[in-house]
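Student: Input: one structure, supplied below.
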Amino acid sequence: MAKIYEKLQNSLISYEDWPKAMVTEQTFSKAAHIIRGQDRGRAVWYYILVPVNNIVDLKAKLINTTIHVTDFGLVIKYLNNRDEIKQMSGTGTDPPVIIQRWVAKHYSSPAAADENTNLKYIKDDIRLCTIQRAIPQQLIGVHFHYFAPQRFHYMKLIDDLPSSLAHRAGLKSYDRIIFFNDKNIENETDEQFRHRFNTERHLPVQMLVCSPATYAHYKANKKIFHCNLRTIRYLKPVYATSTSDSYADTPAIYVDKESFCAVQWENSNIVSTVSQSAIFKSPEFTNFPSLRHVNLCRIDESDCHPWTMSPSLQFVSVLSCKPATIPIILASCPNLYHLQVHLSRTNNNNATLYIPLNHPLRRLTLWSDYTELTFNIIDNIVTYTPNIEYLYLQTIYRMSFVDLARNLFNRLHRLSQFGCYIQEMLTENDRTTDLTTLHQVHSCFERIQCIEENDEFRIFATK
């Protein structure tokens with residue numbers, strides 16, 4: 391009975407001793423922990439802020455070990471209703487409920503770093519990372535977090551696998567997120583940022599991030615992050631090589647040499663596995679007028695044949711095909727709005743299909759990591775698609791990129807957004823233009839920077 395009474399007394403606290411204001415503030419490298427133990431035969435508890443590099447040692451010494459609490463962290467202090475500064479400590483097994491609720495409200499954020507995080511600033515570590523998803527629902531391999539005490543967004547990688555989209559793009563656990571798709575999100579709440587991420591699935595994921603040490607250095611010195619910082623590293627964009635909604639790439643599925651793809655029906659969450667030949671070649675396919683989006687794995691044909699007309703399709707994504715496949719898709723999809731293609735091989739075949747010279751396509755993504763897209767290939771595509779408003783181009787290019795930009799501007803009069811990662815394979819002696827000339831072509835090219843330059847090539851990328 392006496393023990394029950396003592397426990398009840400310890401769970402109560404007078405109004406004058408209630409916490410009113412914080413004295414000890416939590417920083418990103420510390421986490422709140424409660425320590426329970428014995429002091430001179432009495433049960434006691436302490437709330438302390440433990441640096442991330444002490445957490446492992448603390449947990450190892452909590453069992454049957456005599457410790458000095460302040461060796462592992464700082465005892466949390468608060469201001470009570472008497473305007474007295476008090477420590478978050480007391481007798482008994484558990485703190486009073488009002489104390490527990492106070493700590494849960496003001497110190498609930500986990501540390502935004504771990505024991506492996508380098509917190510010593512040496513130089514800027516700021517990266518622009520870009521991921522092109524194969525399908526809008528595709529995960530990128532991170533969990534987003536918000537550190538409320540200091541109001542910043544950060545991420546943790548789900549699994550740091552080499553095949554992870556996040557890993558390939560150059561993202562790291564505990565990176566601070568500064569910009570998302572050209573928008574500074576530092577002042578957005580956790581809910582606002584998550585809403586932005588979930589509603590911009592049709593766009594590539596482009597994030598300007600920095601290391602914890604860089605972020606702390608900028609804030610301590612009142613320096614401002616912006617997209618024109620000279621220390622930004624523009625990492626090569628990565629392209630998902632699987633239509634799976636997983637964050638790790640897996641090979642395309644083949645059954646009896648037939649490529650299959652996943653299709654999702656409009657107004658339904660049902661996803662079907664359909665052979666690619668059924669998408670465009672089967673007459674029965676036109677019996678599905680509600681299909682709007684198709685994600686294809688690989689189109690690998692020795693020659694080109696007409697495909698069944700599919701006027702309902704608005705979005706087509708192809709993970710691997712030849713340039714000659716593009717006019718076939720355009721011819722069979724007269725109402726296509728967005729075409730996203732990863733070109734893995736080139737060929738000399740020219741499609742002989744009739745394609746309207748005024749195709750309504752508005753968004754085009756052409757992605758080629760190692761296959762060169764020549765001027766003729768690009769020009770043939772944009773000749774049939776003069777209504778493009780958004781164009782993303784990634785390739786190796788052996789001619790003047792400025793000349794290509796001029797041609798795109800002359801072909802695409804509605805072009806308002808242009809993104810790229812172009813490796814221009816011209817030696818220094820063969821270059822006749824500079825970045826200023828490129829920016830003068832049109833305002834949509836003003837965001838392009840030369841991120842790497844040597845005697846053999848230049849790399850142009852959208853900032």
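Going by the working numbering, the sequence shown wraps up at 853, each residue one higher than the last. Here a beta-carbon is modelled for each residue, glycine too, at the ideal position from N, C-alpha and C.
#1: Determine contact between the segment 503-516 and the segment 423-434, defined as no fewer than three beta-carbon pairs at a distance below 8 Å.
#2: Can you determine whether any heavy atom of the ligand NAP sits closer than 7 Å to the C-beta of Ile457, and answer yes or no?
#3: Taking the alpha-carbon positions, what's the Phe615 to Ile768 distance?
#4: Is DSSP giving Phe799 helix, strand or coil here?
#5: Could you check whether Ala556 and Val532 sit closer than 8 Å to each other, using their CB atoms as the reference points?
#6: Ala421 and Val446 - do their beta-carbons sit closer together than 8 Å?
#7: Does Tyr564 come out as helix, strand or coil in the three-state DSSP assignment?
#8: Would you mind listing the beta strand (DSSP E) stretches within the segment 742-818 that are 3+ residues and don't spill past its ends, in chain order?
#9: Here's the rule: buried if 16 or more other CB atoms are within 10 angstroms of the residue's CB, otherwise exposed. What is Asn577?
#10: Check for me: the beta strand (DSSP E) holding Trp435 runs from which residue to which?
#11: Taking 8 Å as the threshold (beta carbon to beta carbon), is Asp461 in contact with chain D?
#12: Are Glu814 and Phe791 close, meaning C-beta to C-beta below 8 Å?
#13: Taking its Cβ as the centre, do 16 or more other Cβ atoms sit within 10 Å of Thr775, making it buried, or is it exposed?
#14: For the structure I just gave you, are there three or more beta carbon pairs, one from the segment 457-465 and one from the segment 482-490, closer than 8 Å?
#15: Report all residues from its chain with a CB closer than 6 Å to the CB of Gln704; omit the five preceding and five following residues, and keep chain order.
#16: If you draw a straight line from the C-alpha of Leu709 to the C-alpha of Asp793, how long is it?
#17: Ordered along the chain, which non-local residues of its own chain (more than five positions away) have a Cβ less than 6 Å from that of Tyr787?
#18: For Asn770 and His749, which I take to be in contact (beta-carbon distance under 8 Å), what is that distance rounded to the nearest angstrom?
#19: Here's the rule I'm using: 16 or more other beta-carbon atoms within 10 Å means buried, otherwise exposed. How should Asn685 be labelled?
#20: So, do the segment 597-608 and the segment 814-829 have three or more beta carbon pairs nearer to each other than 8 Å?
#21: Pick out whichever of Asp759, His535, Ser700 has its Cα sitting closest to the Cα of Arg584.
#22: DSSP three-state call for Asp549: helix, strand or coil?
#23: Alpha carbon to alpha carbon, how far is Leu529 from Leu625?
#24: Tell me where the beta strand (DSSP E) around Gln477 begins and ends.
#25: Any idea which residues DSSP pairs Pro409 with across the strands?
#26: Restricting to Cα atoms, I'd like to know which of Val413, Ile841, Lys449 is closest to Ile424.
#27: Val595 to Cys711, Cα distance in whole Å?
#28: In terms of residues, what are the limits of the alpha helix (DSSP H) holding His722?
#29: Considering only the alpha carbon of each residue, which of Leu551, Ile457, Trp408 lies closest to Arg491?
#30: Using alpha carbons as the reference points, say which of Tyr608, Met545, Gln784, Asn471 lies closest to Ala411.
#31: Going by beta carbon distance, what residues of the same chain come within less than 8 Å of Pro942, once the five residues before and after it are set aside?
#32: Between the alpha carbons of Thr621 and Gln807, how many angstroms are there, rounded?
Tutor: Answer, in terms of the structure:
#1: no
#2: This structure does not include the ligand NAP; it has no bound ligands of any sort.
#3: Taking the first residue of the sequence shown as 1, we reach residue 615 at position 225. Taking the first residue of the sequence shown as 1, we reach residue 768 at position 378. Using only the alpha carbons, I get a separation of about 36 Å.
#4: As a first step, residue 799 must be located in the sequence shown, where it is residue number 409. It is helical.
#5: Taking the first residue of the sequence shown as position 1, residue 532 is located at position 142. Taking the first residue of the sequence shown as position 1, residue 556 is located at position 166. Remark: C-beta atoms of Val532 and Ala556 approach each other more closely than 8 Å.
#6: Numbered from 1 along the sequence shown, position 56 holds the residue referred to as residue 446. Numbered from 1 along the sequence shown, position 31 holds the residue referred to as residue 421. Their beta carbons are not under 8 Å apart, which means Val446 does not touch Ala421 by this criterion.
#7: Walking along the sequence shown from the start, residue 564 turns up at place 174. Residue state, collapsed to three classes: coil.
#8: Complete beta strand (DSSP E) runs here, min 3: 753-762, 780-787, 807-814.
#9: By one-based count along the sequence shown, residue 577 stands at place 187. Under this definition Asn577 is an exposed residue.
#10: In the sequence shown, residue 435 corresponds to position 45, counting from 1. Residues 432-441.
#11: In the structure shown, chain D does not exist; there is a single protein chain.
#12: As a working note, residue 814 is residue 424 in the sequence shown. As a working note, residue 791 is residue 401 in the sequence shown. Result yes, Cβ atoms of Glu814 and Phe791 sit closer than 8 Å.
#13: Position 385 of the sequence shown, counted from the first residue, corresponds to residue 775. Classification for Thr775: buried.
#14: no
#15: As a first step, residue 704 must be located in the sequence shown, where it is residue number 314. Excluding sequence neighbours, Gln704 sits near Arg682, Tyr727.
#16: Working through the sequence shown from its first residue, we reach residue 709 at position 319. Working through the sequence shown from its first residue, we reach residue 793 at position 403. About 28 Å.
#17: For the purposes of this step, residue 787 is taken as residue 397 along the sequence shown, with counting starting at 1. Same-chain partners within the cutoff: Ile812, Glu814.
#18: The sequence position of residue 770 within the sequence shown is 380, counting from 1. The sequence position of residue 749 within the sequence shown is 359, counting from 1. So it is not a contact: roughly 13 Å between Cβ atoms.
#19: For the purposes of this step, residue 685 is identified with residue 295 of the sequence shown, where counting begins at 1. Buried, by the Cβ-count rule.
#20: Segments in contact, no.
#21: The residue you call residue 584 lines up with position 194 of the sequence shown. Closest by C-alpha distance to Arg584, out of Asp759, His535, Ser700, is His535.
#22: Stepping through the sequence shown from its first residue, residue 549 is reached at position 159. Reduced to three states, the DSSP call for Asp549 is coil.
#23: Position 139 of the sequence shown, counted from the start, is the residue given in the question as residue 529. Position 235 of the sequence shown, counted from the start, is the residue given in the question as residue 625. One C-alpha to the other measures close to 20 Å.
#24: In the sequence shown, residue 477 corresponds to position 87, counting from 1. Its beta strand (DSSP E) spans residues 475-477.
#25: Within the sequence shown, residue 409 is the residue found at index 19, counting from 1. Note: Pro409 sits in a beta bridge opposite Asn470.
#26: Numbered from 1 along the sequence shown, position 34 holds the residue referred to as residue 424. It is Lys449.
#27: Your numbering for residue 595 matches position 205 in the sequence shown. Your numbering for residue 711 matches position 321 in the sequence shown. Taking the straight line from one Cα to the other gives about 23 Å.
#28: Taking the first residue of the sequence shown as 1, we reach residue 722 at position 332. Looking at the sequence itself, residue 722 is Ser, so the reference to His does not match. Residues 715-722.
#29: The sequence position of residue 491 within the sequence shown is 101, counting from 1. Looking at the Cα atoms, Trp408 is the closest of the given residues.
#30: By one-based count along the sequence shown, residue 411 stands at place 21. Comparing Cα positions, the closest option is Asn471.
#31: The structure shown does not extend to residue 942, since the chain is modelled only from 391 to 853, so the question has no answer here.
#32: Stepping through the sequence shown from its first residue, residue 621 is reached at position 231. Stepping through the sequence shown from its first residue, residue 807 is reached at position 417. When rounded, the distance between both Cα atoms is 25 Å.
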